[in-house]
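Data block below; observations after.
Written out as structure tokens, the structure is:
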């Protein structure tokens, strides 16, 4: 009898992704590059990235060919960040909050309850705050493309009890990514956050290493986390996006005209992916309810008040510094 393991499932997913992406060719392009990410192959990020890579291949007359490795195929986020820095991979999409382990200010978009809606998110991240973060990223030998890909507003799921108010998080074992800001936010609520890379989240929930996690609804759906969770609290506690990062040495090795094509097409892919997420967000709640998740509405002002009382905003204003914090508050209003 054949035993299906999580590793074999991921391998099958990667194989399916390759079959479904005919732009991955066997020929020898002048620049053969690798792009890795942690998203399932069906996530809009990978769908739009695949289209961008096809356009890049066509518009460069086959000189630039990019192979995608989705779904943590090349390792955890921290593994792939190391590979990007060493040049083992050339492109990588990563949450700013995880990137903050290398570029501290990159997590500023994840300050709890900072962005009220997308009308604040995109002008801020496409504008002055995004430019400030990209400048800091450049100091670490990486190049951040101008347009972020959307990951979405994050919600809290649980297998044990509904999360209705901050007090429900007291002692709650919740998975968070490897980011000081994420850990700090949930400790401010009295929770017990545990750092686990995304490629291990499903099994951690399945085996009750943690009782809950937090992610956007689209990722809860595409990663099938609803199979191992019972409740989802609509908290919108932070907005998260993906920086498309390049190894600067590898990117600069290409002629300027090729770099312009690559950048233009990846940025166009980001704009299309944002629209995809907006459309998906209109339907994914109904989809997840149909798959058994119970939805709980919450009051953001109560959660934000708990963060203020715990000193969360004061702490992170000091850590980010007056310049970055000032740029954020200019867009979203006073936080602390």
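Residue numbers (our numbering): 70 to 405. Note that beta-carbon positions come from the ideal geometry of N, C-alpha and C, so glycine has one too.
Query	Result
Under 8 Å Cβ to Cβ from residue 358, same chain only, skipping five residues before and after it: list those, please.	364
Can you look up residue 158 in the DSSP assignment and give me helix, strand or coil?	coil
Measuring alpha carbon to alpha carbon, tell me which of 163, 242, 177 and 211 ends up nearest residue 226.	242
At what residues does the alpha helix (DSSP H) containing residue 290 begin and finish?	286-291
Going residue by residue through the segment 353-403, where are the continuous alpha helix (DSSP H) segments of at least 4 residues, counting only ones entirely within it?	353-359, 369-378, 381-389 and 391-401
When the distance is taken between beta carbons, is residue 400 closer than 9 Å to residue 166?	no
Looking at the structure shown, is residue 186 part of a helix, part of a strand, or coil, going by DSSP?	coil
Just how far apart, CA to CA, sit residue 366 and residue 301?	9 Å
Quick one: what's got a C-beta closer than 6 Å to residue 349's C-beta in the same chain, skipping five residues either side?	287
Would you kindly check if the distance between the Cβ of residue 216 and the Cβ of residue 339 is under 9 Å?	yes
Give me the Cα-Cα distance between residue 368 and residue 152, rounded to the nearest whole angstrom.	41 Å
Which term fits residue 169, buried or exposed, when burial requires 16 or more other beta carbons within 10 angstroms of its beta carbon?	buried
Mapping the DSSP letters down to three states, classify residue 313 as helix, strand or coil.	strand
Based on Cα-Cα distance, which residue from 336, 326, 289 and 236 lies nearest to residue 354?	289
If I measure Cβ to Cβ from residue 181 and keep anything under 6 Å in the same chain, skipping five residues before and after, which residues do I get?	254, 306, 307 and 376
Do you know offhand how far residue 397's Cα is from residue 98's?	42 Å
Determine the contact status of residue 211 and residue 316, defining contact as a CB-CB distance below 9 Å.	yes
Express the C-alpha separation of residue 292 and residue 147 in angstroms, rounding to a whole number.	19 Å
Grab me the residues of residue 265's own chain with a C-beta within less than 6 Å of its C-beta, minus the 5 sequence neighbours each way, in chain order.	244 and 273
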